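So the structure is just underneath, and the comments pick up after that.
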Amino acid sequence: MSAENTGTVEVHREDTVAVVTLRRERKRNALSTHMESELLRALRSPEVESSRAIVITGGDTVFSAGADVTELREMTPHAIADYYRGSGSVYEVFAGLPQPTIAAITGYCLGGGLELSLAADIRIADPAAVFGFPEIGIGILPSSGGVTRMVRVVGAGRTRDLVLRGRRFDAGQAELWGIVSEVTAPGEHIKKAMEIARELAERPPLALRITKQVLDVSLDAPTQAALLLEQLAYAVLNNAPEKDED
Numbered sequence: 007m008s009a010e011n012t013g014t015v016e017v018h019r020e021d022t023v024a025v026v027t028l029r030r031e032r033k034r035n036a037l038s039t040h041m042e043s044e045l046l047r048a049l050r051s052p053e054v055e056s057s058r059a060i061v062i063t064g065g066d067t068v069f070s071a072g073a074d075v076t077e078l079r080e081m082t083p084h085a086i087a088d089y090y091r092g093s094g095s096v097y098e099v100f101a102g103l104p105q106p107t108i109a110a111i112t113g114y115c116l117g118g119g120l121e122l123s124l125a126a127d128i129r130i131a132d133p134a135a136v137f138g139f140p141e142i143g144i145g146i147l148p149s150s151g152g153v154t155r156m157v158r159v160v161g162a163g164r165t166r167d168l169v170l171r172g173r174r175f176d177a178g179q180a181e182l183w184g185i186v187s188e189v190t191a192p193g194e195h196i197k198k199a200m201e202i203a204r205e206l207a208e209r210p211p212l213a214l215r216i217t218k219q220v221l222d223v224s225l226d227a228p229t230q231a232a233l234l235l236e237q238l239a240y241a242v243l244n245n246a247p248e249k250d251e252d
C-alpha cells in the first residue's frame, strides 16, 4: 500500500484502487482554494494516475459542507476567472478522470461538496448524508458544475426547485431521485464504495475509459450523433486486445 498526504487531502492505494480522502474535518471539509489545490495535486499523483478505480470520501462523519466562499467574496471578475482556471478547475479535472470514480458520502454534502460528488460516476450514501445547494441564501449560485450536472441527473424542473429554494434533502430522497445509487447501512458507505471500485477495477480499462466518454458526450449530442458515437466506439473496442481478457 502506498500513500501520499498533502495536508488536507490524503491519498492511499488499496491494490488497484486509489482512495482520496478529504482531511479538513475541523472545518467540515470546507473546500478552500488551498484544499482544492491539494486535491488537484492528489488527483494528479502517481497513486491516482496508476489506479484502475478511484474512491473519494470525506471520512466517517462528513463529506464536505461546501466551498469556502468567504475567500471569493472580495475577488474581482478577473480574479474569479483566474480561480476557475486554477484551483477551481478541480471539479472538471475530477470529472474528466479516465478511471471510474465513486463518491462515498456521509454527513453534509452541500454546495461545492455536492458539486464534487456530482462529478463522480457513482455516488453511495450513508443514511446520515444531507444534500443541498444553499448558495442562493447568500446571493450566489452553484458554479462548479452543480447546476449543469444536477439537470442531467434529475431534470430541469427538480433542479430549479433545489437550486432556487436552496432546500436540503436526505439520503433516501437522493436515492429516490437517482442522485445516489444506493443508501447503505449506517457506517458502511466507504466499504460499499470500495466493493464497487474493486469490481470496476477488474473491468477492461480501455472499455471503461471510452464508455465514460460516450456517456458524457451523449448527454448533449443529437440522437443520431450519439448513436453513431456508440457504434464507432464499439468498433474500436471490438478490435482492442483487452476485450478478450478475463
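Residues in the sequence shown are numbered consecutively from 7, following the numbering used here. All residues carry an ideal CB built from backbone N, CA and C; glycine is no exception. Here the structure is a predicted model, which is why all the values come from computation and not from measurement.
Query, Result
"CA nearest to the CA of S70, picked from G13, E31 and A87", "E31"
"E121 burial status per 10 Å Cβ neighbour count (16 or more: buried)", "buried"
"Anticipated Cβ contact below 8 angstroms, A180 with F139, distance rounded", "The pair is not a contact, with the Cβ atoms about 13 angstroms apart (cut-off 8 angstroms)."
"Three-state class that DSSP yields for E188 in the structure shown", "strand"
"Given V26 as reference, the closest of S38, A126, E77 and L206 once Cα atoms are compared", "A126"
"Exposed unless 16 or more other CB atoms sit within 10 angstroms - verdict on V242", "exposed"
"L45 vs V96 beta-carbon contact at 8 angstroms", "yes"
"Identified DSSP bridge partners for G138", "L116 and R174"
"Residue span of the beta strand (DSSP E) that contains L28, given as start and end", "V23 to L28"
"Extent of the continuous alpha helix (DSSP H) run through T154", "G152 to V160"
"Nonlocal neighbours in the same chain, by C-beta distance under 7 angstroms from D252, ignoring five residues either side", "Bear in mind that a pLDDT of 42 at D252, under 50, signals an unreliable position, so the model cannot answer this."
"Supposed close pair A59, Q105 - CB separation, criterion 8 angstroms", "5 angstroms"
"Under 8 angstroms between C-beta atoms of G113 and A131", "no"
"T14 versus A177, T39 and T22, residue with shortest Cα-Cα distance", "T39"
"E44 Cβ short of 7 angstroms to the ligand HEM heavy atom set", "With respect to the ligand HEM, the structure shown offers nothing to examine, as it has no ligands at all."
"Exposure of N244, with buried meaning 16 or more beta-carbon neighbours within 10 Å", "exposed"
"Classification of L124 by the beta-carbon crowding that lies within 10 angstroms, buried from 16 upward", "buried"
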